[in-house]
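Heads up: take any position in the sequence shown, counting from 1, add 23, and you land on our numbering. Ideal placement from N, C-alpha and C gives every residue a C-beta, glycine not left out.
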Amino acid sequence: MRAIARAHANIALIKYWGKADVRRNLPAVPSLSLTLDGLLTQTEVELDASLVADQVYLDGQELSGLPYQRVKQLLDNLRVLAEVHTPMRVTSHNHFPTAAGLASSASGFAALVVAAGHALDLGLSAEQQSAFARAASASAGRSIFGGWVELLAGADSARQVAPGSHLDVEMLVAVTRRGPKQVASTRGMQHTLETSPYYPAWVGAAPAVFDRGKGALLARDLGALGRAMEHSTLLMHASMLAADPAIIYFAPPTIAILERVRELRAAGTEAYFTMDAGPHVKVLTPSGFSARVFTALSEVPGVLEVLRCTPGPAAHLVEAE
Ligand code: PMV
């Protein structure tokens, strides 16, 4: 039994940071994301009774340690449901234009659930796929769906709010550094929860910002959506900055990009920024402005590369036998 699946990364406009239940990996705050076309993971899963344990390859490297354990845990959860004990070989490739630590866990776990679910012939619904992916990495629960997606606080699974075509936008990713992120999100969230006096304020403020962002999305009001996105982003980063010791994902080019986005807007080009657990900046802009924003971001000193992404599709099966 063998299956190949594809999934796309997503970027949160309204951010998730903090867990309501660490063991079950349930988010403490609601989030809203856009699945992106450009950033793709393709994963093949094959059941192989000749193996003594699961084997996992990511971009040609065999995984071990914690990354391996997270994959194995997800496969174990699916095997329990399938009442199967057979080890699996997982071969995954990130087709990202760059390996800059860009939300690859979201597309990775989403592709893994779809491929392994089919290899085990589980017939999972999208909701069930999202719940399994969310248990591995909350943002991965959102990558099961295409377009605009929400994951509510304490929710088991994400769901689509609107298809990608709902708003004619692009998300530009300004890459500012190569290599993996400094503080992994799970550890960063826990540290924020344990030491930041602003964490309760963040959790308290998040639902209203989410409602504002979702309302703006449904009303197709990009300006209000963009402003809610920037507010959510900076509220989240403020909670991290107030941790002890502080978690600082900003690098010098990060600040320069934020300033450039504000200048563009002041000059009449609609563009809005967001950042995650890394120094890269993602900029949301109407498709008609995207070429102009691409040039402006490319010119900021310290920007290594700018990726242009359109709204992307749901995770899906490519092949199964
Ligand atoms: O799902 P995780 O553990 O990769 O955490 C994602 C956290 C952020 O990217 C910072 C925000 C988000 O909602 O995607």
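Nearest to residue i (by Cα), restricted to the options the options
i: arginine 46; options: Met298, Gln213 and Ser130; result: Gln213
i: alanine 134; options: Val329, Arg283 and Leu97; result: Leu97
i: glycine 83; options: Gln92, Thr66 and Leu89; result: Thr66
i: threonine 277; options: Ala28, Pro268 and Val196; result: Val196
i: serine 153; options: Glu106, Arg165 and Val75; result: Arg165
i: threonine 58; options: Val94, Arg182 and Pro220; result: Arg182
i: alanine 51; options: Gly249, Ile37 and Pro90; result: Ile37
i: leucine 264; options: Gly291, Tyr221, His254 and Met252; result: Tyr221
i: arginine 315; options: Arg157, Met194 and Val79; result: Met194
i: valine 226; options: Ala300, Pro275, Asp60 and Thr256; result: Thr256
i: tyrosine 272; options: His141, Pro302 and Tyr295; result: Pro302
i: glutamate 344; options: Ser180, His141 and Arg201; result: His141
i: arginine 93; options: Ala178, His116, Thr109 and Ala156; result: Ala156
i: isoleucine 34; options: Thr297, Pro324 and Ala338; result: Thr297
i: aspartate 44; options: Lys95, Val232, Leu216 and His108; result: Leu216
i: leucine 147; options: Ser180, Gly211, Thr318 and Ala76; result: Ser180
i: glycine 169; options: Asp60, Ile280, Thr292 and Ala224; result: Asp60
i: valine 232; options: Leu175, Ala185 and Ala269; result: Leu175
i: isoleucine 270; options: Thr292, Ala279 and Arg210; result: Arg210
i: serine 208; options: Ala319, His108 and Ala300; result: Ala300
i: valine 198; options: Phe317, Leu49, His339 and Lys42; result: Phe317
i: proline 90; options: Phe132, Leu49 and Glu106; result: Phe132
Range covered by the alpha helix (DSSP H) that runs through residue i
i: methionine 212; result: 208 to 218
i: alanine 142; result: 127 to 142
i: phenylalanine 317; result: 313 to 321
i: phenylalanine 155; result: 149 to 159
i: arginine 285; result: 275 to 289
Residue i versus residue j: straight-line alpha-carbon distance, rounded
i: serine 54; j: isoleucine 167; result: 15 Å
i: alanine 72; j: leucine 104; result: 18 Å
i: glutamine 40; j: glutamate 173; result: Note that residue 40 corresponds to tryptophan in the displayed sequence, not to glutamine. Their Cα atoms are separated by approximately 14 Å.
i: threonine 64; j: valine 136; result: 12 Å
i: alanine 30; j: serine 130; result: 5 Å
i: methionine 111; j: leucine 307; result: 39 Å
i: glutamate 282; j: serine 321; result: 14 Å
i: alanine 138; j: alanine 28; result: 5 Å
i: valine 326; j: leucine 143; result: 43 Å
i: threonine 114; j: tyrosine 80; result: 5 Å
i: leucine 145; j: valine 206; result: 35 Å
i: aspartate 234; j: leucine 240; result: 10 Å
i: aspartate 191; j: arginine 285; result: 21 Å
i: glutamine 78; j: phenylalanine 119; result: 23 Å
i: arginine 250; j: valine 341; result: 37 Å
i: leucine 330; j: serine 56; result: 18 Å
i: leucine 125; j: alanine 163; result: 13 Å
i: alanine 229; j: leucine 62; result: 27 Å
i: proline 334; j: phenylalanine 312; result: 16 Å
i: leucine 258; j: glutamate 150; result: 29 Å
i: leucine 287; j: proline 324; result: 16 Å
i: glycine 246; j: methionine 252; result: 10 Å
i: isoleucine 351; j: histidine 260; result: What is shown of the chain runs 24 to 344, which leaves residue 351 out entirely.
i: lysine 42; j: leucine 49; result: 6 Å
Assumed close pair residue i, residue j - CB separation to whole angstroms, cut-off 8 Å
i: arginine 102; j: glutamate 69; result: Arginine 102 to glutamate 69, Cβ: 14 Å. No contact.
i: serine 310; j: alanine 266; result: That pair is no contact at about 37 Å.
i: serine 160; j: serine 188; result: Wrong, their Cβ atoms sit about 27 Å apart, outside the cutoff.
i: alanine 386; j: arginine 200; result: The question about residue 386 has no answer, for the chain in this structure spans 24 to 344.
Boundaries of the beta strand (DSSP E) in which residue i is found, first to last residue
i: arginine 182; result: 182 to 185
i: valine 326; result: That residue, valine 326, is in no beta strand (DSSP E); it is neither H nor E in DSSP.
i: phenylalanine 296; result: 295 to 297
i: isoleucine 34; result: 25 to 37
i: glutamate 342; result: 339 to 343
i: tryptophan 40; result: Neither: tryptophan 40 is in no beta strand (DSSP E) and is coded neither H nor E.
i: proline 309; result: 304 to 309
i: leucine 195; result: 192 to 198
i: leucine 145; result: Per DSSP, leucine 145 belongs to no beta strand (DSSP E) and is neither H nor E.
Original post:
Which ranges would you report for the beta strand (DSSP E) in the stretch 46 to 118 if only whole runs of at least 3 residues count?
Top reply: 54 to 70, 78 to 81 and 111 to 118
**OP:** May I have a chain-ordered list of the alpha helix (DSSP H) segments no shorter than 4 residues that lie completely inside the stretch 217 to 262?
**Re:** 222 to 241
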